[in-house]
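Reviewing the structure listed below.
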Amino acid sequence: MKIRPLLIPLAVVGAFGGTVAWLVLADPPPPPDTSGRVDAPQAAETKVEAPSTKQSEPATAQAGTATSAVPPPDEIRDVSPEGVSAPEVTGNLTRIEPSERFLELMNPPVEPIPEGPLNLVHVEVLDGGHLKAGQLTVKLAHIDPLPLDATCKTEMGASWPCGTRARTFLRGLVRRFKVTCSKEEDLAPQKITAECQRGKIDLGKQLVRFGWAKPLDTAPEGLKELAEEAKAEEIGQWQTDWYSDLPESNWADQTGQEPLTAEDLAPDVIDWSLRTFQGDATTLLDDPVPEEDLLTDELPEQ
């Protein structure tokens, strides 16, 4: 038997066994040295905390000579993003004023309202004395309007929403027509007092004439006279009884008679309407609307 062909396999087996024995019997490698290595968040925290300790003593020493009205915070808040080392802070924190650009963005300048006539379209009636078109709010001049939630009392002590009725009356005047206003005074940005008309109808005068607003002490004498007329006629907010102006009925005495027809009721209804809407009401209802008062697509002139 020849031994030479077996030498190579025996050598391979011996080398493999020696390698396995060395891996099993050899000492494991030492662990890596992490004494000088710190994770990124910990490093940022370490660099932030150290300056706060350093500056605590100078901050105490200079407390009497500090010029800032805002005291420095007890701890410095790190706003650096993850993975970025925060700079080392050695001095006191100082609060600075916002830049002019920032103030302009927060409070943009408002263009003044022109003095000339303002043509308002798509007018919204806020209450019995305020209009709004776009960003512009207009308070009707010379009048003290009723608040929207105002209530009035009748002789019987009952309450009725005269503030809401005043807004309804003004809505009936404005409807969807163009309103022309002449500025009287600037109250605030995009808020003015003005005399406003819808065509030939003066909105403030109509509110006073029909008892839905009171004139101010500085109002013209003609407006005060209209208020006295409305109060004497007990119309608008001066009504003492909701049903005092309804036509009288003698239906209870007509038992067994033929029922009333529309022709029989017409005179009473017409008479009641004339007594309810007197004087300027005829002009208000019959006054033709000029073509220029029709709703247009114009925007308010500001």
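According to our numbering, the stretch in the sequence shown is residues 4 to 305, in order.
The beta carbon of each residue, even a glycine, is placed where N, CA and C say it ideally should be.
As the structure is a prediction and not an experimental result, all values here were calculated from the model.
(request) Using three-state DSSP, classify residue 12 as helix, strand or coil. (result) For the purposes of this step, residue 12 is taken as the residue at position 9 of the sequence shown. Helix at residue 12.
(message) I'd like the list of long-range same chain contacts for residue 106, defined as Cβ closer than 6 Å, with 5 residues on each side in sequence excluded.
(response) If you number the sequence shown from 1, residue 106 lands on position 103. Nothing listed; no residue qualifies.
(message) I'd like the list of long-range same chain contacts for residue 135, defined as Cβ closer than 6 Å, with 5 residues on each side in sequence excluded.
(response) Residue 135 sits at position 132 when you count from the first residue of the sequence shown. Only 127 and 129 meet the Cβ criterion.
(message) Suppose only complete runs of 3+ residues qualify. What are the beta strand (DSSP E) ranges in the segment 101 to 143, listed by chain order?
(response) The segment 101 to 143 contains, as complete beta strand (DSSP E) runs of 3+ residues, the segments 121 to 123, 133 to 136 and 139 to 143 (chain order).
(request) Report all residues from its chain with a CB closer than 8 Å to the CB of residue 100; omit the five preceding and five following residues, and keep chain order. (result) In the sequence shown, counting from the first residue as 1, residue 100 sits at position 97. Excluding positions up to five away in sequence, the list is empty.
(message) I need the DSSP call for residue 27, collapsed to helix, strand or coil.
(response) Translated into positions along the sequence shown, residue 27 becomes position 24. In the structure shown, residue 27 sits in a helix (DSSP, three-state: H, G or I).
(message) If you reduce the DSSP assignment to three classes, tell me which class residue 226 lands in.
(response) Here residue 226 refers to the residue found at position 223 of the sequence shown. Residue state, collapsed to three classes: helix.
(message) Rounded to whole angstroms, what is the Cα-Cα separation between residue 124 and residue 85?
(response) Counting from 1 along the sequence shown, the entry for residue 124 is found at position 121. Counting from 1 along the sequence shown, the entry for residue 85 is found at position 82. Near 56 Å, if we compare the C-alpha coordinates of residue 85 and residue 124.
(message) Along the chain, where does the beta strand (DSSP E) containing residue 196 start, and where does it finish?
(response) On the sequence shown, position 193 is the one that residue 196 refers to. Judged by DSSP secondary structure, residue 196 falls within the beta strand (DSSP E) whose first and last residues are 194 to 201.
(message) Under 8 Å: do the segment 186 to 205 and the segment 154 to 168 share three or more Cβ pairs, one atom per stretch?
(response) Under the 8 Å Cβ criterion, the segment 186 to 205 does not count as touching the segment 154 to 168, having fewer than three qualifying pairs.
(request) Round the Cβ separation of residue 233 and residue 212 to the nearest angstrom and send it over; I've been treating them as touching at under 8 Å. (result) Residue numbering aside, residue 233 sits at position 230 when the sequence shown is read from its first letter. Residue numbering aside, residue 212 sits at position 209 when the sequence shown is read from its first letter. Correct: roughly 6 Å between the Cβ atoms.
(message) Going by DSSP, what residue range makes up the beta strand (DSSP E) through residue 161?
(response) Numbered from 1 along the sequence shown, position 158 holds the residue referred to as residue 161. Residue 161 -> no beta strand (DSSP E), and no H or E assigned at all.
(request) Indicate whether the contact test is met: 3 or more Cβ pairs, each with one atom in the segment 221 to 229 and one in the segment 167 to 175, closer than 8 Å. (result) Put simply, the segment 221 to 229 does not touch the segment 167 to 175. Fewer than three CB pairs are less than 8 Å apart.
(message) Is the beta carbon of residue 167 closer than 9 Å to that of residue 151?
(response) Here the question's residue 151 lines up with position 148 in the sequence shown. Here the question's residue 167 lines up with position 164 in the sequence shown. Yes, Cβ-Cβ distance for residue 151 and residue 167 is below 9 Å.
(request) Using alpha carbons as the reference points, say which of 155, 91, 109 and 143 lies closest to residue 238. (result) In the sequence shown, counting from the first residue as 1, residue 238 sits at position 235. Cα-wise, what sits closest to residue 238 is 155.
(request) Tell me whether residue 207 is buried or exposed, calling it buried when 16 or more other Cβ atoms sit within 10 Å of its Cβ. (result) If you number the sequence shown from 1, residue 207 lands on position 204. Classification of residue 207: buried, given that the 10 Å Cβ count is 16 or more.
(message) Measuring only the C-alpha atoms, how far is residue 98 from residue 92?
(response) Taking the first residue of the sequence shown as position 1, residue 98 is located at position 95. Taking the first residue of the sequence shown as position 1, residue 92 is located at position 89. Approximately 15 Å between the Cα atoms of the pair.
(request) Would you tell me roughly how many angstroms separate the C-alpha atoms of residue 210 and residue 147, rounded to the nearest one? (result) Residue numbering aside, residue 210 sits at position 207 when the sequence shown is read from its first letter. Residue numbering aside, residue 147 sits at position 144 when the sequence shown is read from its first letter. Taking C-alpha positions only, residue 210 is separated from residue 147 by approximately 10 Å.
(request) Grab the span of the beta strand (DSSP E) containing residue 190 for me, first residue to last. (result) The residue you call residue 190 lines up with position 187 of the sequence shown. For residue 190, the uninterrupted beta strand (DSSP E) run begins and ends at 182 to 191, by DSSP.
(message) Restricting to Cα atoms, I'd like to know which of 193, 144 and 89 is closest to residue 113.
(response) In the sequence shown, counting from the first residue as 1, residue 113 sits at position 110. Residue 193 is the option with its Cα nearest to residue 113.
(request) Tell me, please, which residues DSSP counts as bridged to residue 234. (result) Along the sequence shown, read from residue 1 onward, the residue named residue 234 stands at position 231. For residue 234, which the question treats as bridged, DSSP gives no partner whatsoever.
(message) Please return the same chain residues whose Cβ sits closer than 6 Å to the Cβ of residue 182, not counting the five positions on each side in sequence.
(response) On the sequence shown, position 179 is the one that residue 182 refers to. Correct list, in chain order: 123, 126, 199 and 201.
(message) Given this structure, state the Cα-to-Cα distance separating residue 217 from residue 102, to the nearest angstrom.
(response) On the sequence shown, residue 217 is found 214 positions in, with the first residue counted as 1. On the sequence shown, residue 102 is found 99 positions in, with the first residue counted as 1. Distance from the CA of residue 217 to the CA of residue 102, rounded to the nearest whole angstrom, comes to 48 Å.
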